[in-house]
Amino acid sequence: MMITHCQSWVDSVIVRMNICPFAKAEVASQRVNYVVAKPDNTEQYLAQLLRHCQQLDQQPEIATTLMLFSDPFLTFADYLDLVTQAEDVLYHEGYEGVYQLASFHPDYCFADSNEQDAANFTNKAPYPILHLIREGDITKALANFLRPEQIPERNIEYTRRKGLSQMQDVLRACYDAPQKK
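If you number the sequence shown the way my numbering does, the last residue is 204 and the count never jumps.
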């Protein structure tokens, strides 16, 4: 069910709300790899992240991987520590400049924001997620996008216009999504 919830979130938030203007094509062509990580400790999380980097190396037909974390006790602070460690691992394993991480969490809150700011929903997801993205794909997509530096600003304005209540409803609805066949 976690993958179903995440697919619903990608469709209803990331694609429909155009939070990532490059996601629609990858979702439509089924080039998004969804995996549930169930390790017992941080080292296992990081080892699994490396395995998915290697999988992306070997399977160019996969555009991106979303690693969903099943640990319900992974607080936002713990998650941010994990993201920092994951970025360090990518650097030390020679993946800096090859893959980029995007981070999502049910309790995501930007450092310059408060918990009631609807703008946090640009990075809120049904579960903690590490998103592995090919740097080359990002570079190509940005080259064909007018004013890519305005994407984050547009997303903040959009989610604030929608409002906290509506964004909460959209995220909650992801948990009710029917399983895809």
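Glycine included, every Cβ here is placed at the ideal spot set by N, Cα and C.
Asked, Found
"Looking only at C-alpha atoms, which of I42, V38, S35 sits nearest to I179?", "I42"
"Whose C-beta lies closer than 7 Å to the C-beta of V112 among residues of the same chain, with five residues either side of it excluded?", "L69, L72, L73"
"Can V121 and E158 be called in contact, C-beta distance under 9 Å?", "yes"
"Quick one, are the C-beta atoms of T87 and I156 less than 9 Å apart?", "yes"
"K163: buried (16+ other C-beta within 10 angstroms of its C-beta) or exposed?", "exposed"
"With distances taken from CA atoms, which of V59, Y118, Q191 is nearest D80?", "Y118"
"Please list, in chain order, all residues of the same chain as S52 whose beta carbon is under 7 Å from its beta carbon, the five residues on each side excluded.", "none"
"On the CB-based measure, 16 or more other CB atoms within 10 Å of its CB, does Q67 come out buried or exposed?", "exposed"
"Are the beta-carbon atoms belonging to L91 and A109 less than 9 Å from one another?", "no"
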